[in-house]
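*Asks:* After the structure tokens below, expect a handful of questions from me.
In structure tokens form, the structure reads like this:
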């Protein structure tokens, strides 16, 4: 929270006026990222195209994608599954998106984001095979 307050240019006390704790901040960031993912996916018809642009959004905003992990851990599985279905339009997207968010969180912490694009392509190829 201290680092977030410094980056935002406000005091920690000001930050706590808006958010009760770190999970509340992560939930807000995750919500913003989910809206971006839904907007990116909306114009596409094919499930694979939707999934591809959603993963691209996560790669573009790795800190936001990393914030999904603790929010997902606290949410009901049905809520997460419905969110993924709503964004991508396929029930099989849930483990892909949740797993990919966790992978990005790990890569972002380790400053290894260069490896993520290759892994994303592998994941998308495997998902495409599962659709066939």
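In this note's numbering, the protein residues as written are 46 to 177.
Where is the CB? At the ideal position from N, CA and C, for every residue including glycine.
1. Any idea what DSSP makes of residue 172, helix, strand or coil?
2. Could you tell me the boundaries of the alpha helix (DSSP H) in which residue 145 lies?
3. Excluding the 5 residues flanking residue 168 on each side, which residues of the same chain have their C-beta closer than 7 Å to its C-beta?
4. What do you reckon, are the CB atoms on residue 78 and residue 109 nearer than 7 Å?
5. Could you give the distance in angstroms between the alpha-carbon of residue 94 and the alpha-carbon of residue 63?
6. Residue 92 and residue 117 look like a contact to me (Cβ under 8 Å); what is the Cβ gap, rounded to whole Å?
7. Measure the CB-CB distance between residue 75 and residue 113 and report whether it falls below 7 Å.
8. Can you tell me where the alpha helix (DSSP H) holding residue 76 begins and where it ends?
9. When you compare only the Cα positions, how much space is there between residue 57 and residue 68?
10. Taking the continuous alpha helix (DSSP H) assigned at residue 97, which residues delimit it?
11. Looking only at its chain, what residues have a beta carbon closer than 6 Å to the beta carbon of residue 81, apart from the 5 residues adjacent to it on each side?
12. CB residue 107 to CB residue 158, shorter than 7 Å?
13. Just the C-alpha distance for residue 100 and residue 177, rounded to the nearest angstrom, thanks.
*Replies:* According to the data block:
1. Position 127 of the chain shown, counted from the first residue, corresponds to residue 172. Residue state, collapsed to three classes: helix.
2. One-based indexing of the chain shown puts residue 145 at position 100. 138 to 154 is the extent of the alpha helix (DSSP H) around residue 145.
3. As a first step, residue 168 must be located in the chain shown, where it is residue number 123. So the qualifying residues of the chain are 141 and 145.
4. Numbered from 1 along the chain shown, position 33 holds the residue referred to as residue 78. Numbered from 1 along the chain shown, position 64 holds the residue referred to as residue 109. It is a contact, given that the beta carbons lie within the stated cut-off.
5. Counting from one through the chain shown, the residue named residue 94 turns up at place 49. Counting from one through the chain shown, the residue named residue 63 turns up at place 18. Roughly 36 Å between the two C-alpha positions.
6. Here residue 92 corresponds to residue number 47 of the chain shown, with the count starting at 1. Here residue 117 corresponds to residue number 72 of the chain shown, with the count starting at 1. Actually they do not touch by this definition, with Cβ atoms about 21 Å apart.
7. Position 30 of the chain shown, counting from 1, holds the residue named residue 75. Position 68 of the chain shown, counting from 1, holds the residue named residue 113. Contact flag set, yes.
8. Here residue 76 refers to the residue found at position 31 when the chain shown is read from its first residue. Residues 67 to 86.
9. Counting from one through the chain shown, the residue named residue 57 turns up at place 12. Counting from one through the chain shown, the residue named residue 68 turns up at place 23. Their backbone Cα atoms lie some 15 Å apart in a straight line.
10. As a first step, residue 97 is located in the chain shown; it is residue number 52 there, counting from the start. Note, residue 97: alpha helix (DSSP H), 92 to 105.
11. Your numbering for residue 81 matches position 36 in the chain shown. Excluding sequence neighbours, residue 81 sits near 102.
12. Position 62 of the chain shown, counting from 1, holds the residue named residue 107. Position 113 of the chain shown, counting from 1, holds the residue named residue 158. Yes; because the gap between Cβ atoms is below 7 Å, this pair is in contact.
13. One-based indexing of the chain shown puts residue 100 at position 55. One-based indexing of the chain shown puts residue 177 at position 132. Cα to Cα, the separation comes out at about 20 Å.
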